[in-house]
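Here's the structure we're looking at; comments come further down.
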Amino acid sequence: MPELPEIETVKLGIEKTVLGSVIISTKIFRRDLRFPINDNLEKLILNKRVLGIGRRSKYLLFFLNKKTTLVLHLGMSGKISVRLKSECEYTLKKHDHLIMSFDNGIFLIYNDPRRFGFVETIEGNYKDYRRFRYMGIEPLSKKFDGKYLWNKIKKSSRNLKSILMDQKLVAGLGNIYVSEALWDSQINPTRIGKNMSLIDCQKIVVSTKKVLKKAIKFGGTTLKDFRQIGGEVGYFQNKLQVYGKEGQSCFRRKCKGTVEKSIISGRSTFYCSTCQK
DNA sequence: CCGCGGGCCTGCGCGC
DNA sequence: TGCGCGCAGGCCCGCG
Numbered sequence: 539m540p541e542l543p544e545i546e547t548v549k550l551g552i553e554k555t556v557l558g559s560v561i562i563s564t565k566i567f568r569r570d571l572r573f574p575i576n577d578n579l580e581k582l583i584l585n586k587r588v589l590g591i592g593r594r595s596k597y598l599l600f601f602l603n604k605k606t607t608l609v610l611h612l613g614m615s616g617k618i619s620v621r622l623k624s625e626c627e628y629t630l631k632k633h634d635h636l637i638m639s640f641d642n643g644i645f646l647i648y649n650d651p652r653r654f655g656f657v658e659t660i661e662g663n664y665k666d667y668r669r670f671r672y673m674g675i676e677p678l679s680k681k682f683d684g685k686y687l688w689n690k691i692k693k694s695s696r697n698l699k700s701i702l703m704d705q706k707l708v709a710g711l712g713n714i715y716v717s718e719a720l721w722d723s724q725i726n727p728t729r730i731g732k733n734m735s736l737i738d739c740q741k742i743v744v745s746t747k748k749v750l751k752k753a754i755k756f757g758g759t760t761l762k763d764f765r766q767i768g769g770e771v772g773y774f775q776n777k778l779q780v781y782g783k784e785g786q787s788c789f790r791r792k793c794k795g796t797v798e799k800s801i802i803s804g805r806s807t808f809y810c811s812t813c814q815k
């Protein structure tokens, strides 16, 4: 499910609802998520105030105090939603795994059918979190520029699809937005890193940022199960240019090509080989 | 060290 | 209607 724009959308929703509030109760219905929920998680977060909400790549962060940060990863099918108390008590939904209630009356529910997501705490500075240690830079940061990308890939014999999916290089892009960004930049996902020019890399970076920002603006992409925290779908699926469009005419003006789908590095990849060179 | 493929789960849509 | 298959927005791990 969620890539960077979807997590950013969820983050903005959570900020509006629980920032500054205190976690007054937690209920965990299943602990066997992608990684088992630690036995002491409840103890570590109970009665803590949410001092800040953050996002690193596709990870959501609840800053509780100097020592403790709650990390949430939504995997492929995870959702966070807000509900009223009565709804939680009487209509627990299938695959609801965790409920946190706050002193402002808000309930946050984590639901995840496939259980590829997980919840855990970071003790100490979140920057030292082991899952962030080797993680690449944020794609929307200033550091992510053409030069950075070019330096990272100019000797690589991997294809662009797998390069941009590599979270150690740039963290937060996933299957949808890599296809979208490469289409926007008119560069073919099968091209090899070492054959890319600095100009090509600059184009990719510009397109990536443009696509991500637009997706955030539209509240992310809902293919089937992504929801904003109030249950609203995202709207960026209406703005997709290639993802899921195999067999359709390329949307680029004056391009007579057809969108094709192929499996690159194990993932479905969509592109138009007529205009993506 | 690096890159790749399999595995983790459930649900859905498709062809038969 | 039902069944089996393939596929799905991500990540970790083991292997070569």
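Each number in my numbering corresponds to the 1-based position in the first sequence with 538 added. Even glycine gets a Cβ: it sits at the ideal position worked out from N, Cα and C.
Asked: Over the uninterrupted alpha helix (DSSP H) stretch that includes Gly684, give me the two end residues.; Found: 684-691
Asked: Where does Tyr672 land, buried or exposed, given buried means 16+ other C-beta within 10 angstroms?; Found: exposed
Asked: Spatial neighbours of Phe764 within its chain, please: C-beta separation below 8 Å, excluding the five flanking residues on both sides.; Found: Met539, Pro540, Glu544, Lys617, Gly758, Val771, Gly772
Asked: Considering only residues of the same chain and omitting the five flanking positions on each side of Gly795, which have a CB-CB separation below 8 Å?; Found: Ser787, Cys788, Cys810, Ser811, Thr812, Cys813
Asked: Does the distance from the C-beta atom of Val563 to that of Ser639 stay below 7 Å?; Found: Val is not the amino acid found at residue 563; the sequence shown has Ser there. Yes, these two residues count as a Cβ contact at 7 Å.
Asked: Using a threshold of 7 Å, state whether the C-beta atoms of Val537 and Val588 are closer than that.; Found: Residue numbering for the chain in the displayed model covers 539 to 815; residue 537 lies beyond these limits and cannot be assessed.
Asked: Starting from the Cα of Pro574, find the closest Cα among Ile647, Leu599, Thr659 and give me that residue.; Found: Thr659
Asked: Report yes if the C-beta distance between Leu711 and Leu698 is below 7 Å; otherwise report no.; Found: no
Asked: Quick check on the burial criterion: 16 or more other C-beta atoms within 10 angstroms. Buried or exposed for Ser695?; Found: exposed
Asked: Taking Leu687 as the reference, which of Gly613, Leu678, Val743 has the closest Cα?; Found: Val743
Asked: Using beta-carbon positions only, say whether Ile737 and Gly551 come within less than 7 Å of one another.; Found: no
Asked: How many angstroms separate the CA atom of Ile691 from the CA atom of Asn733?; Found: 9 Å
Asked: For a minimum of 4 consecutive residues, which ranges assigned as the alpha helix (DSSP H) are wholly contained in the stretch 614-685?; Found: 623-628
Asked: Taking the beta carbon of Phe682 as the centre, do at least 16 other beta carbons fall within 10 Å, making it buried, or is it exposed?; Found: buried
Asked: On the criterion of 16 or more Cβ atoms from any shown chain inside 10 Å, does Arg594 qualify as buried, or is it exposed?; Found: buried
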